[in-house]
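Residue numbers (UniProt numbering): 1 to 136.
Using N, Cα and C, we set each Cβ at its ideal position, and we do this for glycine too.
All of these numbers come straight from a predicted model, not from anything done at the bench.
The block underneath contains the structure these notes are about, expressed in structure tokens.
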Amino acid sequence: MKVAVYRKEHFNAAHRLHNPNWSDEKNQEIFGKCNNPNFHGHNYELIVKLVGPVDPETGYVFDMKVLSDLIKVNILNRFDHKNLNLDTHEFRNLNPTAENIAVVIWNILRTEIDTKYDLTIRLYETERNFVEYDGN
Ligand SMILES: Nc1nc2c(c(=O)[nH]1)N=C([C@H](O)[C@H](O)COP(=O)(O)OP(=O)(O)OP(=O)(O)O)CN2
Numbered sequence: 001m002k003v004a005v006y007r008k009e010h011f012n013a014a015h016r017l018h019n020p021n022w023s024d025e026k027n028q029e030i031f032g033k034c035n036n037p038n039f040h041g042h043n044y045e046l047i048v049k050l051v052g053p054v055d056p057e058t059g060y061v062f063d064m065k066v067l068s069d070l071i072k073v074n075i076l077n078r079f080d081h082k083n084l085n086l087d088t089h090e091f092r093n094l095n096p097t098a099e100n101i102a103v104v105i106w107n108i109l110r111t112e113i114d115t116k117y118d119l120t121i122r123l124y125e126t127e128r129n130f131v132e133y134d135g136n
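Following this line, the structure appears as structure tokens:
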């Protein structure tokens, strides 16, 4: 019997979508206002989903307090109130799209959480734009 547990967290970050191999005109054409040279911010909502067996002794799949602490230490401390392009090495050479941010977060958390749990990252960049990555 497997059950899914979810932890929702929040961080604010600035970014600029830009491909250095393209001209300014092409960047503007493809990324529009998200290519603003002076960056722009988002209120990101992060949902971390773990699926695994329920431990018969605790009744937990995974202690959500432990999950919360893992996210805080490994993700929020790294990205909250940061300029993703300038302040983080993860996005120095990687376009900080919602897709790429979700993959980076998944890769970081995957190293922290036992592989007996399936891990899925859902990231809301705006209320209406969101992505999901489960490692596949
Ligand atoms: N596949 C992707 N498409 C877009 C991404 C992305 O990361 N992956 N990012 C953006 C922009 O950064 C941003 O999300 C767009 O914001 P906005 O157009 O303001 O979207 P809203 O949901 O806030 O507003 P609507 O009125 O619903 O458009 C663009 N594309």
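Meets three-Cβ-pair contact criterion under 8 Å: the region 100-107 and the region 30-43: Counting C-beta pairs with one atom in each stretch, the region 100-107 and the region 30-43 have fewer than three that are closer than 8 Å, which means they do not touch.
For Q28 and E57, the rounded distance between their alpha carbons: 56 Å
Residue span of the beta strand (DSSP E) that contains E45, given as start and end: H40 to P53
Secondary structure of D24, DSSP reduced to three states: helix
8 Å Cβ shell around K116 - same chain, five flanking residues per side excluded: G52 and P53
Distance cut-off 7 Å: N129 Cβ against heavy atoms of ligand 1: yes
CB-CB length for Y6 against V48, believed under 8 Å: Yes, Y6 and V48 are in contact; Cβ-Cβ is about 7 Å, under 8 Å.
Proximity winner among R128, D118, R78 and D114, relative to V104 (alpha-carbon distances): R78
Check: K90 C-beta below 7 Å from any heavy atom of ligand 1: The amino acid occupying residue 90 in the given sequence is Glu; Lys does not appear at that position. Answer for E90: no, Cβ out of range of ligand 1.
Simplified DSSP state of E112, which is helix, strand or coil: coil
V95 to S23 span [Cα, whole Å]: Reading off the sequence, residue 95 comes out as Asn, not Val. Using only the alpha carbons, I get a separation of about 15 Å.
Stretch pair the region 11-19 + the region 55-70: three plus CB contacts closer than 8 Å: no
Ligand 3 heavy atom lying under 7 Å from the CB of E99: Looking at this structure, you won't find ligand 3 anywhere; what it does contain is ligand 1.
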